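Quick note on our numbering: the sequence shown kicks off at 5 and runs consecutively. All C-beta atoms in this analysis are idealised placements derived from N, C-alpha and C, irrespective of residue type, glycine included. What you are looking at is a predicted structure, and each value in this text was computed from that prediction instead of being measured. This report concerns only the one structure given below.
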Amino acid sequence: MSQSGAGRIAGWMVAVVWAATLVLVYFELGWFAAQAIEGQDRSLIARGPLWLGAVGFVVAFLVTVVWARGLWRSEEAQASGRKLGRRRFLVGAATGLGGIVASGGAVVAHLRGWMMVTGPALAPETPVVAASPRPEWQGARVREYRRLGRTGFEVSDISLGSGRIKGEAGEKVARQAIERGINYFDTAPDYSESGSELALGRAIKGHRDKMFLATKFCTPHGNLPAGTSVQDYMAAVEGSLERLQTDYVDLIHIHACDSLERLLDPNVHEAFDRLKQQGKARFIGFSSHTPNLEQVANTALEDGRFDVMMLAYHHGAWPLLGDIVDRADAADVGVVAMKTLKGAKHRGLLESRDEADAYTQAAFKWVLGNPGVACLVISFREPSNLDEYLYASGKRLRSGDQAVLQKYDRLIAGTHCFQHCGVCLDACPENVPIDDVLRHRMYFEDYGDEKEAMRLYSKLERKADVCLECSAPCIGACPFGISIQERTSGAHQLLTLA
Ligand code: SF4
Ligand code: SF4
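Dropping the structure here:
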């Protein structure tokens with residue numbers, strides 16, 4: 005097998021080419037994918053690494069084809085062409101397929117940090133509307149304001165995240181939030197492709213002087229990469245001012261920041277300084293829920309120019325974050341918490357709906373139990389959120405809340421396929437689409453969308469009935485510790501009428 009005929013390509017050469025390609029794919033394609041996950045405006049991501057990785061991949065594939073053809077020719081004299089033609093095809097196809105799978109694995113390996121570190125924070129949130137709102141929640145208002153570090157502004161402890169806000173409905177929720185005492189709005193140009201800024205701009209009319217408005221250095225299509233010109237950074241903020249119908253924003257964050265290059269980009273700081281001189285922006289910050297969150301936050305504290313940091317912060321995660329919040333507090337840097345519901349899997353997870361409803365409030369109280377946190381931002385989607393969320397304002401964590409949080413952690417451990425990453429798929433000889441099966445289970449249990457979940461499951465070509473009798477070679481295949489067989493078997497029973 006090692007020496008080709010006419011192709012003169014040896015098997016070891018093919019192995020070397022694929023090894024070099026995998027390194028290229030890991031660094032170049034992996035880099036490109038990481039920029040996209042970080043939320044960068046796709047049109048602004050450098051295409052060079054993408055092409056380099058793609059060219060490497062194509063070259064390796066062609067070398068494999070030439071090698072397989074040479075393999076056939078060298079043995080042509082020894083057997084019938086038909087038999088060897090089949091062998092050539094099988095060897096070439098197996099090598100090519102292995103290369104494709106390994107290349108996919110190289111990209112996933114590059115992105116592993118995103119999946120391992122920020123899993124719960126990045127997980128898609130389930131609809132968070134109390135199933136049975138309690139009468140005492142009605143009309144809940146903000147009961148506590150806290151100083152946002154050196155900005156000196158007293159912000160509502162529970163504040164409005166506007167990622168889902170748009171149109172007239174969003175504007176109405178934002179107006180009601182102001183009436184209930186919320187005075188900190190967090191938005192970004194790429195929230196609802198600028199729909200969020202437009203809705204908030206209409207909602208704050210007549211209230212601008214009471215509000216603290218935070219937006220991001222960003223376009224409606226995503227983040228601005230390091231090296232963006234000062235003019236382009238400034239133009240992005242000018243666009244926000246226009247949509248928000250205001251002359252200034254209180255705070256501009258470097259959005260979803262995963263790299264020190266973006267955090268310390270001299271152009272972004274130059275742009276901010278000029279905007280500040282012009283009276284168009286007052287403070288600068290950064291937001292991060294990324295694999296490098298701790299490094300980014302530590303560097304920002306050492307740098308000293310940042311007035312505010314918005315961090316993914318929820319019960320039982322980010323072990324070093326408590327220390328970072330303490331140091332931010334000591335440096336008078338305001339801390340805003342986000343992703344506070346740890347994936348928001350509480351509906352369906354906690355057996356009783358009463359407990360599930362209380363989970364949001366318990367999670368908020370845990371976050372606000374740290375005096376270094378000035379406020380948390382949470383996505384408001386509809387007016388009923390105001391009652392449920394604001395009922396936690398100004399309240400302290402009690403032992404009953406602790407119990408709910410512990411129960412949540414217990415239930416979530418090793419069970420929830422947040423990432424749907426597909427890393428485990430190769431471990432299943434039966435080709436069960438584990439990620440899809442568990443996604444449909446999530447629709448059923450967490451979203452409460454039983455019919456749709458069962459309909460989608462019924463459409464799968466391969467179902468998880470085979471898991472019931474399987475010896476489970478998939479054990480240990482999930483890097484997040486999910487007991488795949490138990491979850492897929494249970495999903496099959498849940499999602500089928502039989
Ligand atoms: S238990 Fe299910 S998912 Fe795991 S290997 Fe067996 S068939 Fe595949
Ligand atoms: S079960 Fe599979 S798809 Fe889900 S997180 Fe684990 S490895 Fe990824």
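Practice item. Quick one: grab the DSSP three-state call for Tyr447. Key: helix
Review point. From Ile13 to Gly96, what distance separates their C-alpha atoms?
Key: 13 Å
Practice item. Return the chain-ordered list of same chain residues with a C-beta closer than 7 Å to the C-beta of His211, the five sequence neighbours on each side being excluded. Key: Ile182
Review point. From the DSSP output, which residues share a beta bridge with Phe290?
Key: Ile258 and Met313
Review point. Taking 7 Å as the cut-off, is the CB of Pro477 close to at least one heavy atom of ligand 2?
Key: no
Check your understanding: Roughly how many angstroms separate the alpha carbons of Tyr363 and Asp333, rounded to a whole number?
Key -> 27 Å
Review point. What does DSSP give as the partner residues of Lys411 in its beta bridges?
Key: Answer is none; Lys411 lacks a bridge partner.
Practice item. Give, in chain order, every unbroken run of the beta strand (DSSP E) that is at least 3 residues long and sits entirely within the stretch 188 to 271. Key: 188 to 190, 216 to 223 and 253 to 258
Review point. If we count the other Cβ atoms within 10 Å of its Cβ and call it buried at 16 or more, is Ser233 buried or exposed?
Key: exposed
Exercise for review: Report yes if the C-beta distance between Ala239 and Thr219 is below 8 Å; otherwise report no.
Suggested key: In this structure, the beta-carbon distance from Ala239 to Thr219 does not fall below 8 Å.
Check your understanding: Taking just the CA atoms, how far does Pro437 sit from Asn227?
Key -> 33 Å
Exercise for review: Please confirm whether any heavy atom of ligand 1 lies closer than 7 Å to the CB of Val436.
Suggested key: yes
Exercise for review: Starting from the C-beta of Met215, find all residues in its chain whose C-beta is less than 7 Å away, skip the five residues before and the five after it, and write them out in chain order.
Suggested key: Asn187, Phe189 and Ile208
Review point. Taking the C-alpha atoms as reference points, what is the distance between Gly4 and Leu390?
Key: What is shown of the chain runs 5 to 502, which leaves residue 4 out entirely.
Review point. Which word fits Val18, buried or exposed, when buried means at least 16 other C-beta atoms lie within 10 angstroms of its C-beta?
Key: buried
Check your understanding: If we ignore side chains and look at the alpha-carbon of each, how far apart do Ile162 and Ser383 end up?
Key -> 11 Å
Check your understanding: Does the separation of the CB atoms of Arg150 and Ala378 fall below 8 Å?
Key -> Their beta carbons are under 8 Å apart, which means Arg150 touches Ala378 by this criterion.
Review point. Does DSSP put Tyr393 in a helix, in a strand, or in coil?
Key: helix
Practice item. Kindly indicate which residue of Gly480, Ala468 and Glu473 has the alpha-carbon position closest to the one of Val427. Key: Gly480
**Study point:** Ile4 beta carbon near ligand 1 (any heavy atom closer than 7 Å)
**Key:** Residue 4 lies beyond the residue range present for the chain, which begins at 5 and ends at 502; the question has no answer from this structure.
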